[in-house]
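Asker: Shown below is the structure under consideration.
In the working numbering, the protein residues as written are 44 to 173.
Put into structure tokens, the structure is as follows:
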């Protein structure tokens with residue numbers, strides 16, 4: 044019982060001391076406790092000279108599987124950098140047909156995911172990307 048009370052008292056003292064000390068006297072975090080935060084990659088910003096095309100699938104009704112496929116690339120933050128995920132999806136069934144994970148943004152892992160989807164189900168009528 045007395046050990047728990049003493050531990051609580053010491054913890055309270057440390058909190059009170061950190062609150063009452065001026066910021067100039069507070070010690071910086073030790074290097075092993077620093078949080079590494081990577082900057083976000085700028086994937087969605089188009090180049091100013093690229094042409095913007097109209098969205099042609101707005102009025103199309105998607106009624107069957109393998110009619111329209113879509114792909115998207117996203118990033119997953121890691122402690123030191125990013126991992127990139129590409130997914131190929133069927134719009135009618137909303138199933139993921141294939142996916143790949145890579146530590147670089149090279150186009151080869153996107154092409155591999157597309158080739159795997161085509162090998163499984165054949166060629167779609169429409170393939171939509173961002």
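C-beta atoms are modelled at their ideal positions from N, C-alpha and C, and glycine is treated no differently.
Nothing here was measured: the structure is a model prediction, and the numbers come from that model.
1) Is residue 171 near residue 130, with beta carbons less than 8 angstroms apart?
2) Is it true that the CB of residue 128 sits closer than 8 angstroms to the CB of residue 140?
3) Spell out the partners DSSP gives residue 114 in its beta bridges.
4) Per DSSP, what kind of secondary structure is residue 162 in: helix, strand or coil?
5) Assign residue 95 to one of two classes, buried (16 or more other C-beta atoms within 10 Å of its C-beta) or exposed (fewer than that).
6) Which class does residue 157 belong to by DSSP, given the choice of helix, strand or coil?
7) Does any heavy atom of the ligand FAD sit closer than 7 angstroms to the C-beta of residue 155?
8) Beta-carbon within less than 6 angstroms of residue 159's beta-carbon, same chain only, minus the 5 sequence neighbours each way: which residues are those?
9) Taking the beta strand (DSSP E) that residue 143 falls in, what are its first and last residues?
10) Let me check understanding here. Comparing Cα to Cα, which of 101, 109, 106 and 119 lies closest to residue 147?
11) Since residue 171 is in the beta strand (DSSP E), which residue starts that stretch and which ends it?
Answerer: Looking at the coordinates:
1) By 1-based counting over the chain shown, the position of residue 171 is 128. By 1-based counting over the chain shown, the position of residue 130 is 87. Against a cut-off of 8 angstroms, the Cβ pair of residue 130 and residue 171 comes out as no contact.
2) By one-based count along the chain shown, residue 140 stands at place 97. By one-based count along the chain shown, residue 128 stands at place 85. The beta carbons of residue 140 and residue 128 sit no closer together than 8 angstroms.
3) Position 71 of the chain shown holds residue 114. Paired residues: 131.
4) Start at 1 with the first residue of the chain shown, and residue 162 comes out as number 119. In the three-state scheme derived from DSSP, where H, G and I count as helix and E and B as strand, residue 162 is classed as helix.
5) One-based indexing of the chain shown puts residue 95 at position 52. Burial call: exposed.
6) To locate residue 157, count along the chain shown from 1; it is residue 114. The three-state secondary structure of residue 157, taken from DSSP, is helix.
7) Looking for the ligand FAD in the displayed structure turns up nothing, as the structure carries no ligands at all.
8) Counted from its first residue, the chain shown places residue 159 at position 116. Cβ within range, chain order: 141.
9) Position 100 of the chain shown, counted from the first residue, corresponds to residue 143. Residue 143 -> beta strand (DSSP E) spans 139–145.
10) By one-based count along the chain shown, residue 147 stands at place 104. For the options 101, 109, 106 and 119, the alpha carbon positioned closest to that of residue 147 is the one of 119.
11) Numbered from 1 along the chain shown, position 128 holds the residue referred to as residue 171. Residues 169–171.
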